[in-house]
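Asks: If you read the sequences in order, they're chains X and L. If you count by my numbering, then the first sequence holds residues 1247 to 1508, one letter each, in order. If you count by my numbering, then the second sequence holds residues 3 to 251, one letter each, in order. Note that CB positions come from ideal geometry on N, CA and C, so glycine has one too. Predicted model, so just to flag it, every value in this text is computed and none were measured.
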Amino acid sequence: MNACPSRATAVRGKGFAPSLIRTRATAGRVLLQLRHDPRTIALMLVVPCLLLALLSWVYDSSPQTFDSVGASLLGIFPLITMFLVTSIATLRERSSGTLERLLSMPLGKGDLLAGYAIAFGAVAVLQAFLATGLAVFVLGLDVTGSPWLLLLVALADAFLGTALGLFVSAFAASEFQAVQFMPAVILPQTLVCGLLVPRDRMQPVLKAVSDVLPLSYAVDGMKEVLHHTGVTGAFIGDLAVIAASALLALALGAATLRRRTP
Amino acid sequence: MMNNSEEPAIRASGLVVARGGRTVLDGLGFSVPRGRITGLLGPSGCGKSTLIRSIVGTQAHVTGTLDVLGRPAGDSALRRCVGYVTQEPSVYDDLTVQQNLTYFAAVLGVPRTGVDRALTEVDLTSHAASLAGNLSGGQRSRVSLAVALLGEPELLVLDEPTVGLDPVLRRDLWNLFHRLAADRGTTLLVSSHVMDEAERCHRLLLMREGRILADDTPDGLRARTGSATVEAAFLHLVDQAKSIEGAHQ
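See the structure below:
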C-alpha cells in the first residue's frame, strides 16, 4: 500500500527549500528548450556583436566616443537580451499550464527561479564573452581597466535583466504585452542612464530619477573600468547596487509565482 | 496508510469557491471512495474544473472543508501523491516526449525506469523522440497524462482527459484507468461532459451550476430515475431541479 502522506513528510516540500537536483534539472530543461531553437541562440549571441560593430563604424571618426558609448552598451545589451528572453519564456511557462503543473509538484519556487537564472546566465556569459572580446580585441575599444571587469558588469546586468524579465512577465497577459514591456521598462532607463548625456550634467529631477534606476549603475560601472586601472570603490558600489536590484526583482518575481490562482 | 484505507480519498463539506465575485461552487458536500473511478460529470461551465483545481490545490479562495488523502487540499505533503492532468496538455512543446518526461521525473524524484513505464502506459514509446509540439492533439494529451503517471500517484485527477480523442484511444485510456484502479489501487477522479463515459465509472458525481445534483453509482442513478442511460438520468435530474427552482420563483 502506497502510504503517501507519511512518505511525503520525510521529504520537506517547503516553498523556497532549494534542491540541487531540481534546480539543475530545471536549468538543463531550459537549456534544452533553447537548443531546440537555434535561431534564438544565434540572435542572442550575434546581434549584440553586430550592433557593436555597427557602432564602431558609426563613430569611425571619433574613437573616444566609441570607447564611452561602446563600454556602456556592453552593459546594456545583455540586460535587454535577458529581459526579453526571460519575460517571454516565463510568460510561456505561465500560459502553457506547465507552471501550474510544476507548482502542484514538489518543486520549490527557488528551484524554478534559480534554474532559469542559471540557464540564461550561462547564455549571458557566452554573450558577454563574445561582445566584450569583439569590442576590446577587434573593434579596438580602449579601456584603462581590465576587460574582465567589463565582463563582470555585463554579467551582473544580464542577471538583472533576467530578474526584471521574470518580474514583469507576471503583468503581461500575452507575448505582445511582454514585448511591449521592453520599451516601457528598459528604454526610459537607457535614456537617463548616462549613455546619451552624462548623468551629472542632467536636469536635477532627471538626475534624481536616474539615481534610483539600476541601469545607471551599470553604465557608471562600465565607465569606472573605462577610466581607472584596478577595482575602485565606486566600481564595487555600482556592482553591489546592480546585484541588490536584481535580487529585489527576483524576490518580487518569486512573489508573483503563486501555487493558488483565482 | 493502512489504518485510514476506509477513509474516502476526498471528502468535502460546505465547499465554496468564489471567482471574480461569482460563487462558482456553492456549498458542495461529497466524498470520493479510494481505489475506484469516480466520474465528475456535468455541462461545460458547471464548475467541474474549479472543483478539480480546488482538489489539487491550485485554486485560490476556497472555503469550507476539503480533505484529500486525509490532509487539507493543497497541503505540501500531497504534492507527490496527487497526479493532475489539466484540460489543455501542460507539456513543453519545444522538448521531445522523452525530455518532457525526464524533466518532470527529476522534479518528482522518480527514477529513469519510471519514464519508460509511463511511456508504455500511454502507448507513446514509439514517439519518445518526437517534439511534443509536432504531435497530434490526442498524443499531446497522452504526454500530459504520462507526466501525471510518473510518480505513481495515489490519487489521479483528470480534467476532461478524453476530449478530442478517437474512439479507439478513448477505449484504451479507459482500460488504462481501470487497470490503475484495479492493479495499483489508484483513486481516479475523471471529469467529462460526455455522458456515455459515465457508464465506465464506478461512481458518479453529477454537477450542475456549482452544485452536486447526484452522488451515486451508474446503476443506482438509472434505477432511481427509471432511466435507461446515465444521460437520460442526468436530464431527468436537471429537469427536476429546474422545476423546483421554477416553483420557488
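Do you know offhand how far G86(L)'s Cα is from I1432(X)'s?
Replies: The sequence given here places Tyr at residue 86(L); Gly does not occur at that position. Taking the straight line joining both Cα atoms gives about 38 Å.
Asks: Cutting at 8 Å between CB atoms, please list the residues of its own chain near L126(L), excluding the five before and the five after it.
Replies: Taken in chain order, the residues that qualify are V99, Q141, R144, V145 and A148.
Asks: Mind pulling the chain X residues with CB within less than 9 Å of V93(L)?
Replies: S1342, G1343, T1344 and R1347, listed in chain order.
Asks: Listing by chain order, which chain L residues have their CB less than 7 Å from the CB of R1285(X)?
Replies: By Cβ distance, chain L contributes nothing, its closest Cβ being about 12 Å from R1285(X), past 7 Å.
Asks: Along the chain, where does the alpha helix (DSSP H) that runs through G1483(X) open and close?
Replies: First-last of the alpha helix (DSSP H) with G1483(X): G1479 to T1502.
Asks: On a Cα-Cα basis, can you pick out the residue from Y1463(X), D1466(X), F1427(X) and A1404(X) that is closest to S1509(X)?
Replies: Summary: the structure shown does not reach residue 1509(X), with chain X confined to residues 1247 through 1508, and so no result is reported for it.
Asks: Considering only DSSP beta bridges, list what S61(L) is partnered with.
Replies: Residue identity differs from the one stated: residue 61(L) is Gln in this sequence, not Ser. Answer is T1507(X).
Asks: At a Cβ threshold of 7 Å, is Q101(L) touching chain X?
Replies: Yes, contact with chain X.
Asks: Nearest-angstrom Cα distance between T25(L) and L1289(X)?
Replies: When rounded, the distance between both Cα atoms is 48 Å.
Asks: For a quick check, are the C-beta atoms of L103(L) and V124(L) less than 7 Å apart?
Replies: Taking 7 Å as the Cβ cut-off, L103(L) and V124(L) do not qualify as a contacting pair.
Asks: Would you identify the three-state DSSP class for V1431(X), choosing helix, strand or coil?
Replies: V1431(X) falls in the helix class under three-state DSSP.
Asks: Which residues mark the beginning and the end of the alpha helix (DSSP H) in which S229(L) is found?
Replies: From DSSP, S229(L) is part of no alpha helix (DSSP H); its letter is neither H nor E.
Asks: Select from the region 57 to 74 of chain L all residues with a C-beta closer than 7 Å to any C-beta belonging to chain X, and list them in chain order.
Replies: Cβ contacts with chain X: V58, G59, T60, Q61, A62, H63, L71, G72 and R73.
Asks: Output, in chain order, the set of chain X residues within a Cβ distance shorter than 7 Å of D96(L).
Replies: Per Cβ cutoff of 7 Å: Q1279, H1282 and D1283.
Asks: Rounded to whole angstroms, what is the Cα-Cα separation between G23(L) and H63(L)?
Replies: Distance between the alpha carbons of G23(L) and H63(L): 11 Å.
Asks: Take S1302(X) and list the residues in its own chain whose beta-carbon comes closer than 6 Å to its own, dropping the five residues that flank it on each side.
Replies: Contacts found: F1312 and L1385.
Asks: Check distances from the C-beta atoms of the region 108 to 121 of chain L to those of chain X and list, in chain order, the residues that come in under 8 Å.
Replies: Listed in sequence order: A108, V109, L110 and G111.
Asks: Locate the alpha helix (DSSP H) running through D185(L), then write down its first and last residues.
Replies: Residues P169 to R186.
Asks: Find out if the Cβ-Cβ distance for the pair L223(L), L42(L) is shorter than 7 Å.
Replies: Going by C-beta atoms, L223(L) is not nearer than 7 Å to L42(L).
Asks: Whole alpha helix (DSSP H) runs in the region 1328 to 1404 of chain X with 4 or more residues, listed along the chain?
Replies: List check, alpha helix (DSSP H) in window: 1344 to 1349 and 1355 to 1379.
Asks: Touching or not, the region 162 to 174 of chain L and the region 191 to 209 of chain L, by the rule of three or more beta carbon pairs under 8 Å?
Replies: Result yes; three or more Cβ-Cβ pairs closer than 8 Å.
Asks: Scan the region 129 to 144 of chain L for residues whose Cβ lies nearer than 8 Å to a Cβ of chain X and list them as they occur along the chain.
Replies: Answer set for the region 129 to 144 of chain L: L133.
Asks: Under 7 Å between the Cβ atoms of A75(L) and I57(L)?
Replies: Cβ distance < 7 Å, so A75(L) and I57(L) count as in contact.
Asks: Sort out for me which residues DSSP pairs P74(L) with in a bridge.
Replies: Its beta-bridge partners are D69(L).
Asks: Can you look up S132(L) in the DSSP assignment and give me helix, strand or coil?
Replies: Coil at S132(L), not helix or strand.
Asks: So L30(L) and A11(L) are in contact, right, with Cβ under 8 Å, and what is the actual spacing, rounded?
Replies: L30(L) to A11(L), Cβ: 15 Å. No contact.
Asks: Count the other CB atoms, across all protein chains shown, that sit within 10 Å of the CB of S1252(X); report buried if there are 16 or more and exposed otherwise.
Replies: Caution is warranted here: a pLDDT of 42 is assigned to S1252(X), below 50, making its placement in the model unreliable, and the coordinate value is therefore given only provisionally. With fewer than 16 Cβ atoms within 10 Å of its Cβ, S1252(X) is classed as exposed.
Asks: Between T164(L) and chain X, is there a C-beta pair that is closer than 7 Å?
Replies: No, T164(L) lies away from the interface with chain X (no Cβ there is under 7 Å from its Cβ).
Asks: Note down, in chain order, every chain X residue with its Cβ under 7 Å from the Cβ of R81(L).
Replies: Neighbours of R81(L) on chain X, chain order: G1259, S1350, M1351 and P1352.
Asks: Report the start-end ranges of each alpha helix (DSSP H) in the region 1435 to 1464 of chain X that is 4 residues or longer and not cut off at the edges.
Replies: Runs found: 1450 to 1457.
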